[in-house]
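Residue 137 is where the sequence shown starts when you use our numbering, and the numbers rise one by one after that.
Scroll down for the structure; my scribbles are underneath it.
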Amino acid sequence: MVKNFQLIIKTGRRGQRKCNSRRNDPAEETSSVLTSILGRVSAGEHLSMEEMSHVIDLVMQGECSDEQIGLLLMALRTKGETISEIAGAAAAMRKHMVPIRSSHKTLVDTCGTGGAGLHTFNISTAAALVAAASGTAVAKHGNRKITSQTGSADVLVELGVNIEAPVEIVEECLQQLGICFCFAPLLHPAMKHVATVRKQLGVPTIFNLLGPLCNPAAAPNQLLGVGRPELRTTLAEALAMLGTERALVVTGADGMDELTLTGDTYVTLVENGSATEQTWTPADFGMSTADLTDLQVENPHESAERILGIFRGEPGPGRDIVVMNAAAAIWLTGQETSLEAAAQQAAAAIDDGRCTERLDQLVQLSHQAGQ
137 MVKNFQLIIK TGRRGQRKCN SRRNDPAEET SSVLTSILGR VSAGEHLSME EMSHVIDLVM
197 QGECSDEQIG LLLMALRTKG ETISEIAGAA AAMRKHMVPI RSSHKTLVDT CGTGGAGLHT
257 FNISTAAALV AAASGTAVAK HGNRKITSQT GSADVLVELG VNIEAPVEIV EECLQQLGIC
317 FCFAPLLHPA MKHVATVRKQ LGVPTIFNLL GPLCNPAAAP NQLLGVGRPE LRTTLAEALA
377 MLGTERALVV TGADGMDELT LTGDTYVTLV ENGSATEQTW TPADFGMSTA DLTDLQVENP
437 HESAERILGI FRGEPGPGRD IVVMNAAAAI WLTGQETSLE AAAQQAAAAI DDGRCTERLD
497 QLVQLSHQAG Q
């Protein structure tokens, strides 16, 4: 049920949080700016990247009332968020996240939007571990389940990883093991200012799109799975606008927010500030197609068991789709020039036990006390 939000501009009313400015500008000027922006968006007008960044910056600083935030989010949703607005919002959100330091020259994230509703096991999480075991550094950004059967955080907990490790341990995992998990609630504390409103609205908003665009380790490469096909090119263009070095934004023809094994995957390659469209198939990786039912699970425990089985060498569609997605991450960072060669590299990391070893190391190091 969407709450009916009213715009509260006047300050000082009992029970209403003021929209105060911690900057030199007086509260009246901040309210005037917000009134103008909210009015324009409500009328269907699009904002520039700079305007959107400014208003989300105010939101992230806690300077806006819940009513103002609710009106902004619903107005954006109603008119449709533009590429510039998504990029501007992501730029502001990046300013307020807790950074994860990294010395890796190449670094990739395999975070996706979720929302496919296909109940597959955690393919991107498994692929992140395989890519890391293959020598590609991965800063895996993620959260607990929202619309899926199991989120990346849920399955990592089942696998024994401490997802709430302190920042210094997260950084040490990345430095020593070439992989870390960036747990969104811990590294995006400013999101607390929109948590209540998002829950009250009960519908997807622009913030559902921003997580994959805001990697705390500032990964220059990204394999981004999108569950809504109409958003694939939009998010790709936003990544290009944000200066992402190289990215793959992918949607399966079956709606999967991964490279799919059931048929075609629609791919947007972001490189040198531009985006190009491609279509990939399992055959590009030396794989055969499979049925979706071969990839589905009921809960995080089942997902973890599937991943452990794959790492133990169990053949089948589960292994194949993990190898495909790991190969895409490996190829993205330039370690291999062909998808099939990257797939062979990923498969070798499974077969020689490096994936199991890397997972065990991540579990152990994530539970160490921070210095």
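Backbone N, C-alpha and C fix where the C-beta goes; we use that ideal spot for every residue, glycine too.
As the structure is a prediction and not an experimental result, all values here were calculated from the model.
In the DSSP assignment, find the unbroken beta strand (DSSP E) run with V339 in it and report its ends. Neither: V339 is in no beta strand (DSSP E) and is coded neither H nor E.
What does a CB cutoff of less than 7 Å around P453 pick up in its chain, not counting 5 residues either side in sequence? Excluding positions up to five away in sequence, the list reads L397, A426, D430, L431.
Buried or exposed, going by whether 16 or more other CB atoms sit within 10 Å of the CB of V339? Exposed is the call here.
C-alpha gap between K514 and H182, whole angstroms: Limits of the chain in this structure are 137 at one end and 507 at the other, which puts residue 514 out of reach.
Are P352 and P235 closer than 8 Å when you measure CB to CB? It is a contact, given that the beta carbons lie within the stated cut-off.
So is the beta-carbon of V191 under 7 Å away from any non-hydrogen atom of the ligand SAH? Ligands in the displayed structure: none, and consequently the ligand SAH is not present.
Quick one: residues in its chain with C-beta nearer than 8 Å to the C-beta of V433, no 5 flanking neighbours on either side, listed in chain order? Answer for V433: H255, T256, F257, Q285, T286, S439, R442, listed in chain order.
Is DSSP giving H277 helix, strand or coil here? In the three-state reduction of the DSSP assignment, H277 falls in the strand class.
For L475, which of helix, strand or coil comes out of DSSP? L475 falls in the helix class under three-state DSSP.
Express the C-alpha separation of L323 and H503 in angstroms, rounding to a whole number. The alpha-carbon atoms of H503 and L323 are separated by roughly 18 Å.
Of all the options A355, C316, L174, which has the alpha carbon lying nearest to the alpha carbon of V303? Just measuring C-alpha positions, the residue of A355, C316, L174 sitting nearest V303 is C316.
I'd like to check one pair, L384 with V403: are the Cβ atoms closer than 8 Å? Yes. Within cutoff.
Cβ contact (3+ pairs, closer than 8 Å) linking the stretch 188–208 and the stretch 287–301: Under the Cβ criterion (8 Å, minimum of three pairs), the stretch 188–208 does not count as touching the stretch 287–301.
Tell me where the beta strand (DSSP E) around I315 begins and ends. Following the DSSP letters along the chain, one finds I315 inside the beta strand (DSSP E) bounded by residues 315–319.
Out of curiosity, what's the CA-to-CA distance linking D456 and E164? D456 and E164 have their alpha carbons spaced roughly 59 Å apart.
Simplified DSSP assignment, three categories, for T369: In the structure shown, T369 sits in a helix (DSSP, three-state: H, G or I).
So E373 packs on I219, CB below 8 Å; how close in whole Å? About 4 Å; that satisfies the 8 Å criterion.
For the 8 Å Cβ check, are there 3 or more pairs between the stretch 263–277 and the stretch 326–346? Touching, no, given that fewer than three Cβ pairs across the two stretches are closer than 8 Å.
Looking at the unbroken alpha helix (DSSP H) that takes in V291, where does it start and where does it end? Start and end: 288–294.
Keeping to the same chain, check which residues put their C-beta closer than 7 Å to that of L468; ignore five residues upstream and five downstream. Taking L468 as the centre and dropping the five residues before and after it, the same chain places the C-beta of V244, N357, L359, R382, L384 closer than 7 Å to its C-beta, in chain order.
Given a cut-off of 8 Å on the beta-carbon distance, is the pair V274 and A465 in contact? Closer than 8 Å, so yes.
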